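For reference, the structure is listed below as structure tokens.
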Amino acid sequence: MTAVLTSAAEIAAKIPDGALLALPPEYAPCSMEGIRALVRRGARNLRLLGVPQFGIQAELLIGAGCVSEIETAAVTLGEHGLAPRFTDAIKHQKITMRDTTCPAIHAALQASEKGVPFMPLRGLIGSDILARRDDWHVADNPFGENDPIVYLPAIKPDATLFHGAKGDVHGNVWIGLRRELMVMAHASKAAYVTVEKIVDGDLLSDPQTAAGTIPGLYISAIAKAHKGAWPLGVPHYYERDNEHLSHYAELARTQEGFDAYLDEWVTSRTAAE
Amino acid sequence: MSDVMSEVRTEELMIAVIARMLSGLSHVAVGAASPIPGSAALLARELSGGTLRVTLLGRTSNPTFTDGARELFDCAAQGRIDAFFLSGVQIDGQANINLVSIGDPDKPKARFPGSFGSAYLYYIVPRVILFRQEHTARTLVSKVDYVSAPGVSEENLYRPGGPHALVTGRCLFEFIKDKERFLLKSLHPGQTVEDIKRETGFDFDMPEGSGVPNTEPPEPDWLKLIRGPVGEEIREVYPEFATRMFGSS
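Quick mapping for you: the protein sequence lines, in order, are chains A and B. The opening residue of the first sequence carries number 1 in the numbering used here; numbering runs sequentially from there. The opening residue of the second sequence carries number 274 in the numbering used here; numbering runs sequentially from there.
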């Protein structure tokens, strides 16, 4: 049964230090309230998996010292520029970065969905991404001749954390088009979700919503967090707060500025208002 | 050059150059951090009379895909994407691209976002157009510090795709696969061959015959499209770019 919790803090308490934590891209709803709760609880040594790329989620966790490793195809604040805390952490070797490419992450999660040990993927051969990954293998296509292909080990995250527009009391979570969230829930040992609202009834009983819904079967816990993706957006519900993100990018150029940001927007507050 | 043309911004010229290369295609996809190619793809769609399908990553209205972030890559693998766009903090003369770091990757002098989908799509999509507005010996180098994705591969490697051209703020290069080299194709307004040689860190080939042609400027009605409906449509994904180029909405 999915646990219906009362706050993002309770969600953050379930994600242990050292966990391999899969997080969504900024165009799918991110549980920024869950991220802030992880910072507040002082999470440590998290190993982040960006599915497939990161922005402010990784920035906050890295800047706050919650992260030891990160695997992702990119970390960027998009039009607001480079991700300053990530960049600083790499330059000063505070975290281990495992560079990859977007479809390699999707494919390795699909391997876990299927319960197979690896997934083959085209591309990659001749890149420094592959040259620097001793956990990947190049082998011949067993059905072909002289056809090298990369084998990626399955990635099975300990937990995934994301946000949804709505959930129900059965733990079903409506995600609409954002199907990468479905893959992440399938592939991870535990899925934790904050939602804008918890609706009455059953999202799976109506075919209009069922197709875009992750069944509660895959969801470990949900909690309501109004505006829980802010300063990112929820497609068709609310927009990214570009002014705030630009303010963040400016402050986070230095650790002192970042710490001031955390004081004002994260640690001095208890939950979404 | 007419007064109207002299007001063409470098970005608009690059949009027009890229749009020309998309003529006749069926489906063009645009990845992250690609406002110029995104605008070019939307312009090409307008000029195609609606036959060109454009997929813009990060867009939430009128989606092309319904199967999440993996669908772009699976769709490309099925041969359903004709053109894609890549850039690099460094691009070299063999069309290798670097999106990761400068210097030793373990102790980089500078770190950039990362390789995104390049290490896959560069191999798979038939026509990959490279773009980089800053054309200096710093960005166009003899050898990249880190290969996010190689320009060319061994003969036996499955590689239906690869580099087609490189569009910069100074010129257009075509990539000649057999020679594994760029060919200078046209010069943007105000540029000379000497300028290009001075500002380019890699060797490239010159066209046979007399001189290098000038880059064709955008048609006046193209400029209207770029500054009108194309600019408004790209604003959904690139609001800062649209405001800088075309003003507030």
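The C-beta atom is built at its ideal place from N, Cα and C for all residues, glycine as well. Since we're looking at a predicted model, the values are computed, not measured.
Would you verify that the beta carbon of residue i is, or is not, closer than 8 Å to some beta carbon of chain A?
i, result
"B:Leu430", "yes"
"B:Pro399", "no"
"B:Pro378", "yes"
"B:Ser388", "yes"
"B:Ala350", "yes"
"B:Val327", "no"
"B:Val503", "no"
"B:Met278", "In this predicted model, B:Met278 has a pLDDT of only 48, less than 50, meaning its place in the structure is not dependable enough to derive any value."
"B:Ser522", "no"
"B:Pro436", "no"
"B:Ser421", "yes"
"B:Ser459", "no"
"B:Met274", "For B:Met274, the predicted structure reports a pLDDT of 42, less than 50, and the residue's modelled location is therefore unreliable. A value from the coordinates is still provided. Output row for B:Met274: interface = no."
"B:Ser299", "no"
"B:Ser483", "no"
"B:Ser426", "yes"
Using the beta-carbon count (16 or more within 10 Å), is residue i buried or exposed?
i, result
"B:Val466", "exposed"
"A:Pro84", "buried"
"A:Gly233", "buried"
"B:Glu407", "exposed"
"A:Pro231", "buried"
"B:Pro502", "exposed"
"B:Met274", "Here B:Met274 scores only 42 on pLDDT, less than 50, and its place in the model is too uncertain to base an answer on."
"A:Asp147", "exposed"
"A:Arg122", "buried"
"B:Gly341", "buried"
"A:Phe143", "exposed"
"A:Gly42", "exposed"
"B:Leu336", "According to the sequence provided, residue 336 of chain B is Pro. The question's Leu does not apply to it. Looking at its Cβ environment, which holds fewer than 16 other Cβ atoms inside 10 Å, B:Pro336 is exposed."
"B:Ser307", "buried"
"A:Ser268", "exposed"
Is residue i close to chain B, meaning its C-beta is less than 8 Å from at least one C-beta of that chain?
i, result
"A:Ile129", "yes"
"A:Ile56", "no"
"A:Pro148", "yes"
"A:Thr96", "no"
"A:Tyr27", "yes"
"A:Ala74", "yes"
"A:His137", "no"
"A:Arg178", "yes"
"A:Lys91", "yes"
"A:Glu273", "Reliability fails at A:Glu273, whose pLDDT of 41 lies under 50, so the model's placement of it is uncertain and no value is given."
"A:Arg132", "yes"
"A:Ser251", "The amino acid occupying residue 251 of chain A in the given sequence is Leu; Ser does not appear at that position. So no, A:Leu251 is outside the interface."
"A:Leu23", "no"
"A:Leu82", "yes"
Taking the DSSP output, what are the residues bridged to residue i?
i, result
"B:Cys444", "B:Leu460"
"A:His137", "A:Tyr151"
"B:Asn371", "B:Gln363"
"A:Leu21", "A:Leu48, A:Ala159"
"B:Phe455", "B:Phe448"
Comparing C-alpha positions only, which one of the options sits nearest to residue i?
i, options, result
"A:Gly176", "B:His437, B:Phe338, B:Ile291, B:Ala392", "B:Phe338"
"A:Val173", "A:Glu180, A:Thr213, A:Pro16, A:Ser112", "A:Thr213"
"A:Ala165", "A:His244, A:Ala43, A:Ser188, A:Glu196", "A:Glu196"
"A:Arg282", "A:Gly63, A:Leu121, A:Glu69", "Here chain A has residues from 1 to 273 only, and residue 282 of chain A is not among them."
"A:Ala221", "A:Thr194, A:Tyr237, A:Leu204", "A:Thr194"
"B:Ala302", "B:Thr283, B:Arg400, B:Ile449", "B:Arg400"
"A:Gly55", "A:Pro16, A:Asp259, A:Ala229, A:Thr267", "A:Ala229"
"A:Ala89", "A:Asp17, A:Gly201, A:Ile70", "A:Ile70"
"A:Glu59", "A:Pro52, A:Tyr218, A:Phe86, A:Lys189", "A:Phe86"
"A:Thr2", "A:Ala190, A:Asp158, A:Thr101, A:His137", "A:Ala190"
"A:Met32", "A:Gln208, A:His163, A:Leu46", "A:His163"
"B:Pro486", "B:Phe389, B:Gly297, B:Lys458", "B:Lys458"
"B:Phe404", "B:Ser521, B:Leu445, B:Tyr393", "B:Leu445"
"A:Tyr238", "A:Tyr261, A:Lys91, A:Pro29, A:Thr6", "A:Pro29"
"A:Ala276", "B:Arg343, B:Tyr431, B:Pro386", "Not covered by the structure: residue 276 of chain A. The range shown for chain A is 1 to 273."
"A:Leu48", "A:Leu38, A:Leu21, A:Gln57, A:Arg36", "A:Leu21"
Interface residues of chain B around residue i at Cβ under 8 Å?
i, result
"A:His236", "Thr333"
"A:Pro117", "Ordered by position in chain B, no residue passes the 8 Å Cβ test against A:Pro117, which lies about 19 Å from the chain."
"A:Asn242", "Pro512, Glu513"
"A:Asp255", "Looking at the sequence itself, residue 255 of chain A is Gln, so the reference to Asp does not match. Under the 8 Å cutoff, chain B gives no residues; its nearest Cβ is about 16 Å from A:Gln255."
"A:Gln53", "Ala305, Pro386, Gly387, Phe389"
Chain A partners of residue i, CB-CB under 7 Å?
i, result
"B:Ala392", "Thr101, Gly123, Leu124, Ser127, Ile129"
"B:Glu513", "Glu79"
"B:Arg384", "Thr87, Ile90, Lys91"
"B:Ser360", "Correct list: empty, because the minimum Cβ distance to chain A is about 12 Å."
"B:Pro381", "Ile90, Lys91"
Residues of chain B with a CB under 9 Å from the CB of residue i: which are they?
i, result
"A:Val183", "Gly341, Ala342, Arg343"
"A:Ile70", "Residues of chain B passing the Cβ test: none, with the nearest at roughly 10 Å."
Below 7 Å on C-beta distance, what does residue i contact in chain B?
i, result
"A:His106", "Ala342, Arg343, Phe346"
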